[in-house]
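So the structure is just underneath, and the comments pick up after that.
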Amino acid sequence: MTEVQEVTNSPINVESSPLTDIINGSIAGALGKIIEYPFDTVKVRLQTQGSKVFPTTWSCIKYTYKNEGILKGFFQGISSPIFGASLENATLFVSYNQTSKFLERNFKNISDLNNILISGAVAGSCASFVLTPVELVKCRLQIANLNKNVANNLKDTSISGTIMSILKERGVIGLWQGQSGTFIRESFGGVAWFATYELMKKALRERHGGEENKTWELLLSGASAGVAFNASIFPADTVKSVMQTEHISLKGTILKVLRTQGVAGFYRGLGITLIRAVPANATQFNPTAKANEEQYQNEKLTKETDYYANLAKVRPGFPLPQKDSDDPTGQHKEHYERKSQYEGSGMSVLSRKRGDRLGFLDRRRGNDE
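Under full-length UniProt numbering, the first residue of the sequence shown carries the number 1, and numbering increases by one thereafter.
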């Protein structure tokens, strides 16, 4: 007897191709970086310059605007993170989705939450290796204008010049200065990021019983994920920034911050970072989420179609989905909670634009006219 495969209802593990993840992740990353970059510049300066240089966030903003202007001050070196953000988010979403699918295939009883936590940690860890060189160049450029005449040497404020300087000083391995701090930030942050996003999205979807999240729900979920990420790992981000601008070890950085600024030193710039996280992460998640939601619905339809095709063979008397009352020609088939008769749980109504793909069920049961 043909086995009827159960149709899953979880959108967490969307069968997306790596190419789709790369494209969606790249677009989302670039958009998010453009929005957040001025905030990030202020954050890095607060983290690395200390309270004697910039006592408050507002003092940093005023100084940057007055002495450097908008483009050379707040957007100094943005080309590097835009390119890097594309690589970072492509890596992040590819590794997340591939890990999630691996867990689904090999660990049948894994819960959705554990799937999210493990996949998020793996994704963040993978992204850290791409992100470290990009953030090293970015951080150097963001404070370059502050250090222009140190030791009578004019600091290079171009991306290519900064990269060549790093290679000359420390070789290729020097591009990964601060990798340990980035790894800690991204691996733990990845858990907070993806878990908050997926759980928020699920909770909002369940409130109205819909199959797809509305746009504002995706934006809110993304914003919440960004706040959770930054709030949970900000001390690690401070350590990473200091490591990359002062070329000291992880332990040395922690001791220096504690010695010079105390515990509060790990949280300088947190306020403006949380403000930037809302629009940046809402924008960053939305393109990827919308694409994944549409792909999920298409794949869910295919699984439902296969389910009813098999069920028609196993149970010849099983009633086909009803006709859409708004479709007088009967060309489209609609699905009205039929799965609940055999699995104890309801299944959503299929949209009419996809319903005609179920028409082959008539032929499979010998009802072809």
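Note that the Cβ used here is the ideal one computed from N, Cα and C, for glycine as well.
Would you mind sorting residue i into buried or exposed? The rule is 16 or more other CB atoms within 10 Å of its CB.
i: L19; result: exposed
i: G262; result: exposed
i: K66; result: exposed
i: S187; result: buried
i: G209; result: exposed
i: G77; result: buried
i: T132; result: buried
i: K168; result: exposed
i: A264; result: exposed
i: K108; result: exposed
i: G161; result: exposed
i: L215; result: Note that residue 215 corresponds to Thr in the displayed sequence, not to Leu. Exposed: under 16 other Cβ atoms inside 10 Å.
i: R105; result: exposed
i: R170; result: exposed
i: A203; result: exposed
i: R207; result: exposed
i: S325; result: Low confidence applies to S325: its pLDDT is 49, below 50, so where it sits in the model is not reliable enough to give any reading.
i: L350; result: Residue placement at L350 is flagged as unreliable, the pLDDT there being 37, under the threshold of 50; the coordinate-derived value follows with that caveat. Looking at its Cβ environment, which holds 16 or more other Cβ atoms inside 10 Å, L350 is buried.
i: G346; result: Confidence in G346 is poor, its pLDDT being 37 and thus under 50, which makes the residue's placement unreliable; the coordinate value appears in the next sentence. So G346 counts as exposed.
Relative to the C-alpha of residue i, which candidate in the options has its C-alpha closest?
i: F83; options: I166, L218 and V137; result: V137
i: I116; options: S95, I35 and G265; result: S95
i: K62; options: Q47, S79, V42 and A203; result: V42
i: L258; options: I34, G50 and A225; result: G50
i: H247; options: W176, K33 and N106; result: W176
i: S180; options: T238, A228 and L31; result: T238
i: L219; options: E198, P235, L46 and A236; result: E198
i: N272; options: K101, W58, I34 and K202; result: What sits at residue 272 in the sequence shown is Ile, not Asn. Out of K101, W58, I34 and K202, W58 has the C-alpha closest to the C-alpha of I272.
i: T157; options: F75, M243, I23 and G32; result: F75
i: L113; options: A28, A228, M243 and M200; result: M200
i: M243; options: A228, R205 and G174; result: G174
i: N97; options: L250, N24, K256 and A228; result: N24
Are the Cβ atoms of residue i and residue j separated by less than 9 Å?
i: T182; j: S128; result: yes
i: N230; j: S221; result: no
i: residue 400; j: A192; result: As displayed, the chain neither begins before 1 nor continues past 369, which places residue 400 out of reach and without an answer.
i: C126; j: L103; result: no
i: G190; j: G252; result: no
i: residue 383; j: I159; result: Because residue 383 is not part of the residues shown, which for the chain are 1 to 369, the question remains open.
i: V44; j: T260; result: no
i: G178; j: E135; result: yes
i: E36; j: P279; result: yes
i: C60; j: L71; result: no
i: T99; j: V122; result: yes
So residue i and residue j are in contact, right, with Cβ under 8 Å, and what is the actual spacing, rounded?
i: G226; j: A277; result: 3 Å
i: I275; j: F39; result: 7 Å
i: E68; j: N145; result: 5 Å
i: K86; j: L141; result: The sequence shown places Ser at residue 86, not Lys. Not confirmed; about 18 Å, so no contact.
i: A90; j: S26; result: 5 Å
i: I163; j: A236; result: That belief does not hold up - the Cβ atoms of I163 and A236 are roughly 25 Å apart, past 8 Å.
i: C139; j: S232; result: 21 Å between Cβ atoms; not a contact.
Taking three-plus beta-carbon pairs below 8 Å as touching, is the stretch 45 to 64 in contact with the stretch 266 to 281? In short, these stretches touch, since the Cβ pair count reaches three.
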